[in-house]
Ligand code: ATP
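Residue numbers (the numbering used here): 519 to 980.
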């Protein structure tokens with residue numbers, strides 16, 4: 519795909535998301551609010567289904583992982599100890615012509631020059647000097663930029679500060695969810711039966727003052743993470759790291775993502791404490807980009823918090839009478855990016871006669887609506903009443919939708935666009951012969967089945 523085609527696919531997905539109630543730009547009635555999005559009625563269902571799958575895979579099916587829901591706000595001491603207050607930054611540059619603010623590492627990367635957000639100001643500016651001619655402003659096309667300055671991404675607030683000048687001692691909206699896991703590691707250890715190796719999993723919002731926010735929900739300033747920190751004995755890191763790499767790769771395949779659209783990206787420029795870091799990248803309409811990070815973080819996180827808090831965070835292995843600070847293997851994924859990957863993967867346009875059918879071929883488990891129930895005609899009360907009966911029964915088990923608006927063909931197309939795997943139509947055969955029609959999203963085939971076998975039919979398929 520060339521750049522124009524890529525933009526085209528993204529535009530179509532963005533438009534479907536808006537038109538069909540998946541994703542809305544935030545605060546639209548007030549001209550919007552950059553890099554923040556809202557999930558609409560079908561979007562919240564899809565996002566919840568993604569989270570449900572992750573939670574099941576990472577906690578319910580694991581004997582060695584427990585869940586957590588820590589608060590968004592934490593003591594600012596946590597962000598000082600973790601290094602975020604000083605070093606959680608991206609290199610910010612400004613186009614001297616149109617004054618767009620941009621990430622220098624992304625500009626260099628797009629020009630095929632290796633750069634990384636973790637480089638120091640000096641390092642990245644040196645690379646910039648050597649490659650000045652290669653980079654262009656994506657807004658106006660000029661290539662005149664200011665040298666980069668490290669811009670801190672932590673979002674500040676006045677929570678709990680009543681001095682009037684809270685900026686001197688701000689509290690922070692969490693920049694990542696895992697700090698809540700590290701700060702509760704001892705609580706979990708003391709209150710449950712976990713033994714090393716074990717993990718703590720959490721889903722929750724994170725906030726970053728991202729410099730450039732393009733590419734729809736790929737990069738937003740408020741987003742949701744699905745993170746798991748796995749605590750291991752020092753020396754066992756790489757064994758578990760490889761296991762988790764495999765588990766996380768398989769997870770995306772289980773969401774219907776084709777293997778050819780995934781790739782590993784190995785971090786070459788590791789932060790000083792990291793042992794190994796890989797990202798799982800997905801082929802988004804704008805190219806392969808990070809979906810999830812799987813990182814071996816050594817003992818850095820617990821060590822810095824033990825030092826700064828003065829609390830002993832050693833693990834006591836009673837069987838071997840050993841004491842140590844556990845090492846951590848982290849898996850860190852984004853709900854929004856998984857959402858966009860799943861939509862990209864399932865978006866189809868099919869040519870049927872002179873028409874084009876748009877379909878979201880979502881895996882059944884992710885589909886926002888599992889069954890749409892239709893009376894054939896809106897103005898036949900006996901059909902409407904019967905269809906309502908089916909709807910009321912089926913909704914006890916599955917997320918269903920009732921629709922009696924417009925002709926049946928249009929109703930099918932609408933459900934195709936939101937990815938509903940089955941439509942159930944109640945017609946005169948239902949009243950006269952006890953038969954209903956089930957229509958399959960992917961094959962568009964319609965079959966008549968006995969009305970009293972409807973539940974069994976869906977139980978076997980959903
Ligand atoms: P990037 O390099 O794209 O900025 P990152 O390496 O800073 O991402 P991490 O800090 O490793 O990202 O966060 C873990 C995961 O959280 C990412 O893989 C991504 O899925 C998600 N994520 C991070 N930042 C954002 C964001 N601004 N918007 C949406 N999702 C995000």
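We put the beta carbon where it would ideally sit given N, CA and C, even for glycine.
Source: prediction; values computed, not measured.
> Among 890, 523 and 928, which residue has its Cα nearest to the Cα of residue 954?
Replying inline: In the chain shown, counting from the first residue as 1, residue 954 sits at position 436. Looking at the Cα atoms, 890 is the closest of the given residues.
> residue 670 to residue 859, Cα distance in whole Å?
Replying inline: As a working note, residue 670 is residue 152 in the chain shown. As a working note, residue 859 is residue 341 in the chain shown. Roughly 28 Å between the two C-alpha positions.
> Terminal residues of the continuous alpha helix (DSSP H) containing residue 621?
Replying inline: As a working note, residue 621 is residue 103 in the chain shown. Taken as a continuous stretch (DSSP letters only), residue 621 belongs to no alpha helix (DSSP H), being part of the beta strand (DSSP E) at 619-621.
> According to DSSP, which residues form a beta bridge with residue 943?
Replying inline: Position 425 of the chain shown holds residue 943. The partner list for residue 943 (beta bridge, DSSP) reads 892 and 955.
> So does residue 827 have its beta carbon nearer than 7 Å to some heavy atom of the ligand ATP?
Replying inline: If you number the chain shown from 1, residue 827 lands on position 309. Residue 827 Cβ: outside cutoff for every heavy atom of the ligand ATP.
> Thinking just about the alpha-carbon of each residue, which of 720, 686, 802 and 746 is nearest to the one in residue 737?
Replying inline: Locating residue 737 in the chain shown gives position 219, where the first residue counts as 1. The shortest C-alpha separation from residue 737 is found at 802.
> Can you name the start and end residues of the beta strand (DSSP E) that residue 813 belongs to?
Replying inline: The residue given as residue 813 occupies position 295 in the chain shown. Start and end: 805-816.
> Which ranges would you report for the beta strand (DSSP E) in the stretch 645-692 if only whole runs of at least 3 residues count?
Replying inline: 667-670, 673-675 and 689-691
>> What residue range does the alpha helix (DSSP H) around residue 700 cover?
In response: For the purposes of this step, residue 700 is identified with residue 182 of the chain shown, where counting begins at 1. Counting along the chain, the alpha helix (DSSP H) containing residue 700 begins and ends at 696-709.
> Going by C-alpha distance, which of 585, 577, 882 and 663 is nearest residue 610?
Replying inline: For the purposes of this step, residue 610 is taken as the residue at position 92 of the chain shown. Closest option to residue 610, Cα to Cα, is 663.
> Would residue 940 be called buried (16 or more neighbouring beta carbons within 10 Å of its own) or exposed?
Replying inline: Along the chain shown, one-based indexing puts residue 940 at 422. Answer is buried; the Cβ neighbour count reaches 16.
> Taking the runs of the alpha helix (DSSP H) that are 4 residues or longer, which of them lie wholly in the stretch 541-576?
Replying inline: 559-573
>> Give the list of continuous beta strand (DSSP E) stretches no shorter than 3 residues that lie fully inside the stretch 878-932.
In response: 889-893 and 918-920, all fully within the stretch 878-932.
>> Please output, in chain order, the residues near the ligand ATP using a CB cut-off of less than 6 Å to any non-hydrogen atom of the ligand.
In response: 694, 726, 728, 737, 738, 741, 743, 808, 809, 810, 811, 850, 851, 852, 854 and 855
>> Contact defined as beta carbons within less than 8 Å: I believe residue 592 pairs with residue 701. What is the distance between those atoms, to the nearest angstrom?
In response: Start at 1 with the first residue of the chain shown, and residue 592 comes out as number 74. Start at 1 with the first residue of the chain shown, and residue 701 comes out as number 183. Yes, residue 592 and residue 701 are in contact; Cβ-Cβ is about 7 Å, under 8 Å.
> Can you name, in chain order, every residue of its own chain whose Cβ lies under 6 Å from the Cβ of residue 620, other than the five neighbours on each side?
Replying inline: Position 102 of the chain shown, counting from 1, holds the residue named residue 620. These residues qualify, in order along the chain: 611 and 730.
> Would you report the Cα separation of residue 798 and residue 759, rounded to the nearest angstrom?
Replying inline: Here residue 798 refers to the residue found at position 280 of the chain shown. Here residue 759 refers to the residue found at position 241 of the chain shown. The alpha-carbon atoms of residue 798 and residue 759 are separated by roughly 13 Å.
> Taking the DSSP output, what are the residues bridged to residue 611?
Replying inline: Within the chain shown, numbered from 1, the residue matching residue 611 stands at position 93. Residue 611 is bridged to 620.
> Just checking, does the stretch 756-771 make contact with the stretch 867-880 on the three C-beta pairs under 8 Å criterion?
Replying inline: no
> What whole-angstrom Cβ distance do residue 636 and residue 789 have, given they're in contact under 8 Å?
Replying inline: Locating residue 636 in the chain shown gives position 118, counting from the first residue. Locating residue 789 in the chain shown gives position 271, counting from the first residue. At roughly 6 Å, the Cβ-Cβ gap stays under 8 Å, so residue 636 and residue 789 are in contact.
> Below 8 Å, can you find three or more Cβ-Cβ pairs linking the stretch 641-648 to the stretch 698-716?
Replying inline: no
>> So, at 6 Å on beta carbons, what are the nonlocal neighbours of residue 818 in its own chain, with the 5 sequence-adjacent residues on each side left out?
In response: Locating residue 818 in the chain shown gives position 300, counting from the first residue. Correct list, in chain order: 791.
> By Cβ distance, which residues of its chain are closer than 7 Å to residue 1028, with the 5 residues on each side in sequence left out?
Replying inline: Since the first and last residues shown for the chain are 519 and 980, residue 1028 lies out of range.
> Could you give the distance in angstroms between the alpha-carbon of residue 958 and the alpha-carbon of residue 942?
Replying inline: Position 440 of the chain shown holds residue 958. Position 424 of the chain shown holds residue 942. About 9 Å.
> Okay, do the stretch 772-779 and the stretch 874-887 touch, 3+ Cβ pairs below 8 Å being the bar?
Replying inline: yes
> Would you call residue 677 buried or exposed, if buried means 16 or more other Cβ atoms sit within 10 Å of its Cβ?
Replying inline: Looking up residue 677 in the chain shown gives position 159. Classified as exposed, residue 677 has fewer than 16 neighbouring CB atoms from the shown chains inside 10 Å of its CB.
> Counting pairs of Cβ atoms below 8 Å between the stretch 569-587 and the stretch 714-732, do you hit three or more?
Replying inline: yes
>> Tell me the rounded alpha-carbon separation between residue 618 and residue 655.
In response: Taking the first residue of the chain shown as position 1, residue 618 is located at position 100. Taking the first residue of the chain shown as position 1, residue 655 is located at position 137. For residue 618 and residue 655, the distance between alpha carbons rounds to 8 Å.
> For residue 540, which residues from the same chain have a beta carbon less than 6 Å from its beta carbon, with the 5 sequence-adjacent residues on both sides left out?
Replying inline: Along the chain shown, one-based indexing puts residue 540 at 22. Excluding sequence neighbours, residue 540 sits near 558, 560 and 561.
> What are the residues that DSSP puts in a beta bridge with residue 744?
Replying inline: Counting from one through the chain shown, the residue named residue 744 turns up at place 226. According to DSSP, residue 744 bridges with 721 and 851.
>> For residue 866, which residues in the same chain have their Cβ closer than 6 Å to its Cβ, ignoring the five residues on either side in sequence?
In response: The residue you call residue 866 lines up with position 348 of the chain shown. Shown here for residue 866: same chain residues with a beta carbon closer than 6 Å to its own, the five before and five after excluded, namely 877 and 879 in chain order.
> From which residue to which residue does the beta strand (DSSP E) around residue 840 run?
Replying inline: Position 322 of the chain shown, counted from the first residue, corresponds to residue 840. Its beta strand (DSSP E) spans residues 840-842.
>> Taking the beta strand (DSSP E) that residue 866 belongs to, which residues open and close that run?
In response: Position 348 of the chain shown holds residue 866. From DSSP, the beta strand (DSSP E) with residue 866 extends over 865-870.
>> Cutting at 6 Å between CB atoms, please list the residues of its own chain near residue 599, excluding the five before and the five after it.
In response: Position 81 of the chain shown, counting from 1, holds the residue named residue 599. Closer than 6 Å at the Cβ level, and outside the excluded window around residue 599, lie 822, 823 and 826.
>> At the level of alpha carbons, what is the spacing between residue 920 and residue 564?
In response: Within the chain shown, numbered from 1, the residue matching residue 920 stands at position 402. Within the chain shown, numbered from 1, the residue matching residue 564 stands at position 46. Residue 920 and residue 564: Cα-Cα distance of roughly 18 Å.
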